[in-house]
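Taking it in order: structure first as structure tokens, then the write-up.
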Amino acid sequence: MIVHARVGDNGELVLPAAVARAMGLSPGDRLRIDQQGPEITLATDDDVIRAGQRAFRATIKRPFSVDDFLADRHAEGARE
2 MIVHARVGDN GELVLPAAVA RAMGLSPGDR LRIDQQGPEI TLATDDDVIR AGQRAFRATI
62 KRPFSVDDFL ADRHAEGARE
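Numbering of the sequence shown is given in our numbering, commencing with residue 2 and proceeding in unit increments.
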């Protein structure tokens, strides 16, 4: 979706209602603004958290659960 918005006198940018609806935003919600050169990307806090979780999961070589973690720690403790 391409829309236009104006920057106010104090630098504030008001998102058009269609963009806010498409992003599932409500008044008072926080957005992360990532500025790279002349472009900005907007993301909700939840989007940022989910992206971090996906990146972390990609580093795990096998399925991992809390039970696996605890079993590993107990085995490690028994070896010490």
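Note that the Cβ used here is the ideal one computed from N, Cα and C, for glycine as well.
Between which residues of its own chain and residue i is the CB-CB distance below 8 Å, once the five residues before and five after are set aside?
| i | result |
| --- | --- |
| V15 | A6, R7 and G9 |
For residue i, collect the residues of the same chain with a Cβ closer than 7 Å to its Cβ; drop the 5 residues on either side in sequence, then sort them by chain order.
| i | result |
| --- | --- |
| P17 | V4 and A6 |
I'd like the span of the alpha helix (DSSP H) that includes residue i, first residue to last.
| i | result |
| --- | --- |
| R33 | Element bounds for R33: not the alpha helix (DSSP H) but the beta strand (DSSP E), L32 to Q37. |
| A59 | D46 to T60 |
| R80 | V67 to R80 |
| A6 | Careful: A6 lies outside any alpha helix (DSSP H) and carries neither H nor E. |
Counting contacts by CB-CB distance shorter than 9 Å, is residue i in contact with chain D?
| i | result |
| --- | --- |
| A56 | You won't find chain D in this structure, because it holds only one protein chain. |
>> Contact between the region 39–59 and the region 23–31 is defined here as three or more beta-carbon pairs at a separation below 8 Å; is this criterion met?
In response: yes
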